[in-house]
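Heads up: the sequence shown is residues 1 to 74, going by this note's numbering.
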Amino acid sequence: MLTTNQPLGWGTMFIFNALSVNKQDALYSFLGIGAYALSWGMLGLGLLMVGPEGIKYSRTMLKKLWGFFAYRFY
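Next comes the structure, spelled out in structure tokens:
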């Protein structure tokens, strides 16, 4: 849940907003916002499941990942 919430939330919001622009219907924008909100719920459930040790591990992994990209692309 911790790794899939961001791509799922942003991806579905992007797809639904593209549909909204294409079809000229605001309902798709609201569906995209709803999917994005559900991704935050996924993050919350994931944090509850992993506990404090999992959060520390996730922070360590994110720091390593950002360091890797900073070294690689800057």
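Note that beta-carbon positions come from the ideal geometry of N, C-alpha and C, so glycine has one too.
- Of the residues M61, F16, M42 and Y57, the one whose Cα lies closest to the Cα of Q6 is M42.
- Distance between G34 and W66, taken at the CA atoms: about 29 Å.
- If you look at A26, you'll find it isn't in any alpha helix (DSSP H); DSSP assigns it neither H nor E.
- By the criterion of a C-beta distance shorter than 8 Å, N17 is surrounded in its chain by Y28, S29 and G32, once the five residues flanking it on both sides are discounted.
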